[in-house]
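Here the structure is laid out as structure tokens; the discussion comes afterwards.
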């Protein structure tokens, strides 16, 4: 039966309690709710604030719905009772105090909140407004309800002072609020007090968060569980304060946490109706175990606390979905290992690293991670201590494991299990050799020692530890000059990136590159990380490191240079782009320092050859055409600076220029002057060269022109050097008569 009440009549008839099951007072998290209520009361002679629902428990009534509004109303009457030096303080005391000296309106959510209200409302002397403005939540252990009540009082103070100063606050006086603000009170029989009412009632228009719907099913009527639940929310509130987050994100964090626990329990991704399913399967004890793990994780180290704080962000945003994969994995380790043990710390580090590397390698989707963690949890039931690597090693061929983990990580774990006490630390040391400042995944261990990280798993001895250390040292030495300005000429005894690329191309087989559509790329600056994620290139880099790891650093350059020279001097194929890259130290020189890359165009569908001379070196990472140079043109310009307008372009002062032969071993000759008929000059250049090329008949010959060509083509016979032939052409053409 609904009955109309004002605050005075309600507290005269009933002692009102906010029970343990209810949440903290939170209306001040956003001032809108408090301001709206104040404005409504201020602007109407008789305000109606909706329904208040409660059930009887002994001589008290326990609020089910209306807690936030009623609490704000009590705080407002308390504040107004202090006006005019406490003119209504006595009236407030009569209304709020029982004959036994207890509060007629209080919180049982937490003892701290109850004590705060008693000290504030039952004070023997009337507080002043200055006393209220000095209230600090720290005095009350930063209790969430207390903190929000203090903030609500500050909001009320600002509003009342503003309206009084503006002369508009005529309705905000004590008697008006306690007598003219009305609501309907509904007393629900205790026998129907259950969970359904808690879940469905919400007359203030704000729907319950999903986790609040789940709470009654987990807590039931157990007051101890209610108290524990409140400590969880309190802990989350304290984290928002530490990190400067909106307190409303506590709801987000609790919902994300419970969904995470449910996924770990079932080993499956949640669906839209997960709360309904969890009502009958998730237990309070399971949630409690994981929450203790959450707190422990937060306190363990800064890296893990960041993962915990991710809970305060929405799981689904316009930018995608958040899965909390690392947090799930770390929490599972916490519940499977003994608290404060060295083993737990070790396993947390291992799991953290495993998840990090797999995510970089674009593995470990949430749908694959959950079955993996579920199987891991099941495997540890009969084990005395948590051992992630033992599980991965024993289940290395299981589809659940291979679907989740990157194969390189599985192999690494297998070698650690078969290695010495130093092996794992050496692998971690190697993975810190991130010379490329990137979060991209690359198989660096594979590039250090390909034979060990591919094929059949073998034992790893102390001798292997020593060999691996030498390989690390060699790798570090070779790649130390990543940021050397690449527009500078190559220097003798300087192992720069261009020198490394040339050495790698000198090896047999020479399939070191990245093939991307019609282009072939060599490692330059930041593209090394792409090379290290490429299986073939990793193999070639490993081959290089293995060949050089027993060479002292002082001799490294000379050994590498000798290999490069042998490769081009004993070249058995036709002189192609690879031959000239090996022969000329400045072949890979860039025009500007930047994200320099070498592109070799593919001819038709043949992507296995280096027969294209259309080679471009790019300098600008954002715009590939900006600052690009043609490799063969720049080599020719560098070789004949006395004839060329600049050091990158073989253009003569008379306007005649040379360009690479594309798929032919020779040079295209253009007349680059503006406003001329190129077909006419083509005929003239052809006649001119026909007379002067006779002395070079054994190394160069004119090629018949096609009707559509606007250039003259001169073939350089294959056993002659293309760059030297170009120099001869420049010398011959510098005196070409320009009319």
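Numbering (this note's numbering), first residue to last: 29 to 767. Note that CB positions come from ideal geometry on N, CA and C, so glycine has one too. On a predicted model such as this, the values are computed, not experimentally measured, just so you know.
My assumption, with CB atoms under 8 angstroms, is that residue i sits in contact with residue j. Please give the rounded CB distance.
i	j	result
residue 251	residue 328	Not quite, the Cβ-Cβ distance comes to about 32 angstroms (not below 8 angstroms), so this is no contact.
residue 269	residue 170	7 angstroms
residue 150	residue 132	With 8 angstroms as the limit, residue 150 and residue 132 do not qualify as a contact, their Cβ atoms being about 11 angstroms apart.
residue 669	residue 518	That belief does not hold up - the Cβ atoms of residue 669 and residue 518 are roughly 16 angstroms apart, past 8 angstroms.
residue 121	residue 91	The Cβ separation is near 22 angstroms, so there is no contact.
residue 488	residue 447	4 angstroms
residue 325	residue 353	With a Cβ gap of about 14 angstroms, residue 325 and residue 353 do not count as contacting.
residue 474	residue 386	15 angstroms between Cβ atoms; not a contact.
residue 85	residue 53	About 20 angstroms separates the two Cβ atoms, so there is no contact after all.
residue 740	residue 704	Contact doesn't hold; Cβ gap of about 14 angstroms is too wide.
Taking just the CA atoms, how far does residue j sit from residue i?
i	j	result
residue 589	residue 691	28 angstroms
residue 598	residue 609	14 angstroms
residue 156	residue 183	16 angstroms
residue 300	residue 287	11 angstroms
residue 226	residue 44	With a pLDDT of 47 at residue 226, under the threshold of 50, the predicted position of this residue should be treated as unreliable, though the coordinate-derived value follows. The straight-line gap from Cα to Cα measures roughly 17 angstroms.
residue 574	residue 595	18 angstroms
residue 760	residue 498	54 angstroms
residue 709	residue 544	39 angstroms
residue 742	residue 483	50 angstroms
residue 537	residue 516	30 angstroms
residue 65	residue 311	38 angstroms
residue 283	residue 320	16 angstroms
residue 661	residue 695	10 angstroms
residue 748	residue 755	12 angstroms
residue 114	residue 152	12 angstroms
residue 79	residue 33	10 angstroms
residue 443	residue 421	9 angstroms
residue 128	residue 154	20 angstroms
residue 752	residue 667	8 angstroms
residue 411	residue 418	11 angstroms
residue 342	residue 290	17 angstroms
What is the DSSP secondary structure of residue i, counted as helix, strand or coil?
i	result
residue 381	helix
residue 739	coil
residue 457	helix
residue 687	strand
residue 76	strand
residue 483	coil
residue 225	Only weak support exists for where residue 225 lies, its pLDDT of 47 falling under 50; the coordinates are left without a value.
residue 211	strand
residue 50	coil
residue 391	coil
residue 658	strand
residue 601	coil
residue 218	Residue placement at residue 218 is poorly supported in this model, since its pLDDT is 42, which falls under 50; the coordinates still yield a value, given next. It is helical.
residue 93	strand
residue 176	helix
residue 296	coil
Do residue i and residue j have their C-beta atoms closer together than 8 angstroms?
i	j	result
residue 358	residue 373	no
residue 401	residue 356	yes
residue 332	residue 394	no
residue 405	residue 364	yes
residue 472	residue 542	no
residue 585	residue 523	yes
residue 101	residue 35	yes
residue 89	residue 141	no
residue 461	residue 504	yes
residue 241	residue 303	yes
residue 209	residue 69	yes
residue 179	residue 369	no
residue 615	residue 572	no
residue 257	residue 275	no
residue 745	residue 718	no
Could you name the residues that DSSP lists as bridge partners for residue i?
i	result
residue 134	45
residue 88	43, 85
residue 731	741
residue 697	686, 740
residue 319	DSSP lists no partner for residue 319.
residue 269	Beta-bridge pairing links residue 269 to no other residue.
residue 344	349
residue 331	Bridge partners of residue 331: none, in fact.
residue 31	213
residue 679	685
Give a yes or no on whether the minimum CB-CB distance between residue i and chain C is below 8 angstroms.
i	result
residue 565	Any reference to chain C falls outside this structure, which holds one protein chain only.
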